[in-house]
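Participant:
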Amino acid sequence: MADKAVTKHRRPGPWLAAVPLLLFVALAFGLPAIAMLDGALTVNGSYGLANLDASVHGAYRTALLGSLKLAATTAAIGSVLGLLLAQAVVTSRGKVLRESVLTASGVLANFGGVPLAFAFVATLGNAGVLTTRLGLGDHGWSLYSFWGLAITYLYFLIPLMVLTVAPALDGLRPQWREAALNSGASTWQYWRHVGIPVLLPTLLGGFVLLFGSAFAAYATAAAMVGSSVPLVTLQIADALSGNVLLGQENVALALSLDMVMVAALVMAVHLPLTRRSARWLA
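Residue numbers (the numbering used here): 1 to 282.
(1) Determine the DSSP secondary structure at residue 114, reduced to helix, strand or coil.
(2) Which one of 68, 101, 95 has the shortest CA to CA distance from residue 84?
(3) Pick out whichever of 160, 140, 79 has its Cα sitting closest to the Cα of residue 104.
(4) Just confirm the distance between the C-beta atoms of residue 298 and residue 235, as a whole number of angstroms; I'd bet it's less than 8 angstroms.
(5) Here's a check: name, in chain order, each residue in its chain whose Cβ is nearer than 6 angstroms to the Cβ of residue 131, leaving out the five neighbours to either side.
(6) Short of 7 angstroms in beta carbon distance, which residues of its chain neighbour residue 195, apart from the five on each side in sequence? Order them along the chain.
(7) When the distance is taken between beta carbons, is residue 210 closer than 8 angstroms to residue 75?
(8) Is residue 67 helix, strand or coil by DSSP?
(9) In chain order, what residues of the same chain lie with their CB nearer than 8 angstroms to the CB of residue 142, ignoring the 5 residues before and after it?
(10) Assign residue 258 to buried or exposed, taking buried as 16 or more other Cβ atoms, counted over all protein chains shown, within 10 Å of its Cβ.
(11) Let me confirm a value: residue 91 is counted as buried when at least 16 other C-beta atoms fall within 10 Å, else exposed. Which label applies?
(12) On the CB-based measure, 16 or more other CB atoms within 10 Å of its CB, does residue 252 come out buried or exposed?
(13) In three-state DSSP terms, what is residue 218?
(14) According to DSSP, simplified to helix, strand and coil, what is residue 46?
(15) Assign residue 23 to buried or exposed, taking buried as 16 or more other Cβ atoms, counted over all protein chains shown, within 10 Å of its Cβ.
(16) Hey, could you find the ends of the alpha helix (DSSP H) residue 147 is sitting in?
(17) Check residue 205 in the structure and name its three-state DSSP category.
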């Protein structure tokens, strides 16, 4: 019995299975984060806050606000349109339509970067197919603007919202709607007092997820608009490559630290909302 007790006491705990993952996270995320923090706080060989101060002033501040504005705008529009599309798919009786839309959403949500930029330039650019055929240029349309970039981002943000909110819509129990209708409530009253409150954590979580995706996007904007739309990701690339001013690498690291703080805030909001929606829809 004593030998069994000793063997049981010395048995490795379940946490040992997580050691490889923890080591990977430490190497892949921890070391770059430490290097970024060290560079952001390094000013002329000593530590200081000059780089962080520069990252929130002048052109860098304009770029940061531009990224926040673009992310908030596209996340709001993408959330509404994605919810409407997901609701139409979930309530439809066509199984083929549902599977097709969800499969396409899974593909399009991961379609970005240079291929997406090229596709939109060929379609809605100055010499694009739709631009020339519909005469959009005569009406002031320009793809290489804030709204042109916003429309491009919606191409992958709307499918991402569909994938996020469709399981929550599936989780709405038919008994809730039947009980509301049997009690004399209208469809609007059901959605106002039951459907929307239950879906609200998922909707807010989806908005935050879309916001983070748009805020961190780089390749599509870099290939399509260049410096015509001020974005913090483009400013980081310019500072690292010395396209504007030399010796601004540490300011770029400070800008990256700003983005990390925004991302941390996004995750701090997203995770509790996800857990709350899971309790309701389990």
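Every residue gets a Cβ at the ideal spot worked out from N, C-alpha and C, and that includes glycine. This one's a predicted model, so the numbers in the text were calculated from it and none came from an experiment.
Facilitator: In terms of the structure at hand:
(1) Counting from one through the sequence shown, the residue named residue 114 turns up at place 114. Looking at residue 114 - three-state DSSP - the assignment turns out to be helix.
(2) For the purposes of this step, residue 84 is identified with residue 84 of the sequence shown, where counting begins at 1. It is 101.
(3) The residue you call residue 104 lines up with position 104 of the sequence shown. The option with the nearest alpha carbon to residue 104 is 160.
(4) Missing from the structure shown is residue 298; the chain here goes from 1 to 282 and no further.
(5) Position 131 of the sequence shown holds residue 131. Contacts found: 124, 137.
(6) Against the sequence shown, residue 195 aligns to sequence position 195. Excluding sequence neighbours, residue 195 sits near 172.
(7) Start at 1 with the first residue of the sequence shown, and residue 75 comes out as number 75. Start at 1 with the first residue of the sequence shown, and residue 210 comes out as number 210. In this structure, residue 210 lies closer than 8 angstroms to residue 75 by Cβ.
(8) Translated into positions along the sequence shown, residue 67 becomes position 67. Here residue 67 sits in helix by DSSP.
(9) Reading the sequence shown from its first residue, position 142 is the one you call residue 142. Counting only Cβ-Cβ distances below 8 angstroms, and skipping sequence neighbours, we find 126, 148.
(10) Position 258 of the sequence shown, counted from the start, is the residue given in the question as residue 258. With 16 or more Cβ atoms within 10 Å of its Cβ, residue 258 is classed as buried.
(11) By one-based count along the sequence shown, residue 91 stands at place 91. Residue 91 comes out exposed.
(12) Here residue 252 refers to the residue found at position 252 of the sequence shown. Buried.
(13) In the sequence shown, counting from the first residue as 1, residue 218 sits at position 218. In this structure, residue 218 counts as coil in the three-state DSSP scheme.
(14) Your numbering for residue 46 matches position 46 in the sequence shown. Strand.
(15) Taking the first residue of the sequence shown as 1, we reach residue 23 at position 23. Looking at its Cβ environment, which holds fewer than 16 other Cβ atoms inside 10 Å, residue 23 is exposed.
(16) Mapped onto the sequence shown, residue 147 falls at position 147. Here the alpha helix (DSSP H) through residue 147 covers 146-171.
(17) Taking the first residue of the sequence shown as position 1, residue 205 is located at position 205. Note: residue 205 maps to helix in three-state DSSP.
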